[in-house]
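In what follows, a structure is listed as structure tokens, so that the remarks can point back to it.
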Amino acid sequence: MLRRHLAARGIDDPRVIDAMAVVPRELFAPRSRAHDAYADRPLPIGMGQTISQPYMVAWMAEALELGAGDRVLEVGTGSGYSAAVLSRVCRAVYTVERHAPLAEGARALLRKLGYDRVRVRCSDGSLGWPEHAPYDAIVVAAAGPRIPGTLRDQLGPGGRLVMPVGAVGGSQSLVRERRDPSGGFSREALGVVRFVPLIGEEGWG
Ligand code: SAM
């Protein structure tokens, strides 16, 4: 996985690669699909949701340009796999999932595996997690119609926000926004992706 799916496709942040090397994806995938855990494909995790493909997790983690002291908000905990990866490259991860069974499963697994720098909450992540804002970085693992203003407000100066934006059921654009010190935002399109929808007050309703 590291050589063929990550390095060969341009992932070169050594801290992201190290994290991907040690987080056991087979434990976050359904037991019946453990043999597929290091193939580069999403896998079903229940509630009609998926654990993202390894390349996507690494690409988004790299795009966040994380420092060791950073605090990160993740929207879309799913299995908890990407939160575990992120927690190995930053100081703390606050991750929000709207489906209670997924949030509870991820919380229990992360605790069992010792990922004590990750906190999980069940709520509408399109509204963020304001109690712990501002964040150095925000990553959204589901596609919305636009970047929620509430998430922008929770990004600190110099912060990066990475999120797929675009229609449901088709492909979307993975965008990165930076908040400059004066409060303005600049935006880059990183590439074309395909994600499940962000369902919520500032998502698809
Ligand atoms: N990062 C996850 C992992 O490593 O397993 C995969 C995330 S999956 C592609 C997207 C997740 O976003 C789903 O679990 C879905 O339920 C969740 N989601 C969608 N809308 C949400 C919202 N408004 N708030 C929180 N989670 C949401």
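Plus 879 on top of the position in the sequence shown (first one is 1) and you've got this note's numbering.
Backbone N, C-alpha and C define an ideal beta-carbon position, used for all residues, glycine too.
Item: For C1001, collect the residues of the same chain with a Cβ closer than 8 Å to its Cβ; drop the 5 residues on either side in sequence, then sort them by chain order.; Value: V975, E976, R977, H978, A979, A982 and E983
Item: Just to check my reading of the structure: L906 and L992 have Cβ atoms closer than 8 Å, yes? What is that Cβ distance to the nearest angstrom?; Value: 7 Å
Item: Could you pull the start and end residues of the alpha helix (DSSP H) that E976 belongs to?; Value: From DSSP, E976 is part of no alpha helix (DSSP H) but of the beta strand (DSSP E) over A971 to E976.
Item: Is T956 a contact residue of the ligand SAM, with contact defined as CB to any heavy atom under 8 Å?; Value: yes
Item: Enumerate, from N- to C-terminal direction, the unbroken beta strand (DSSP E) stretches of 3 or more residues contained entirely within the segment 899-985.; Value: 922-925, 928-930, 950-954 and 971-976
Item: Can you tell me whether E1010 is helix, strand or coil according to DSSP?; Value: helix
Item: What are the start and end residues of the beta strand (DSSP E) that includes R1057?; Value: Q1051 to R1058
Item: Going by alpha carbons, who is nearest to L1053 out of P1060, G1063, G1062 and M1042?; Value: M1042
Item: Would you mind reading off the limits of the alpha helix (DSSP H) that contains G1028?; Value: G1028 to D1032
Item: On a Cα-Cα basis, can you pick out the residue from G1079, G1037 and A913 that is closest to S1061?; Value: G1037
Item: Would you kindly report the start and end of the unbroken beta strand (DSSP E) that includes A1068?; Value: F1064 to V1072
Item: I'd like to confirm something about M926: is its beta-carbon nearer than 8 Å to some heavy atom of the ligand SAM, or not?; Value: yes
Item: In this structure, does DSSP put P893 in helix, strand or coil?; Value: helix
Item: Give the straight-line distance between the Cα atoms of D1059 and G1035, rounded to the nearest whole angstrom.; Value: 9 Å
Item: Roughly how many angstroms lie between the CA atoms of V1044 and A963, to the nearest whole one?; Value: 24 Å
Item: Do the CB positions of G959 and Y994 come within less than 9 Å of each other?; Value: yes
Item: Indicate, with yes or no, if the ligand SAM has a heavy atom lying under 8 Å from the CB of V951.; Value: no
Item: Nearest CA to the CA of L1069: which residue from M880, E1081 and R1055?; Value: R1055
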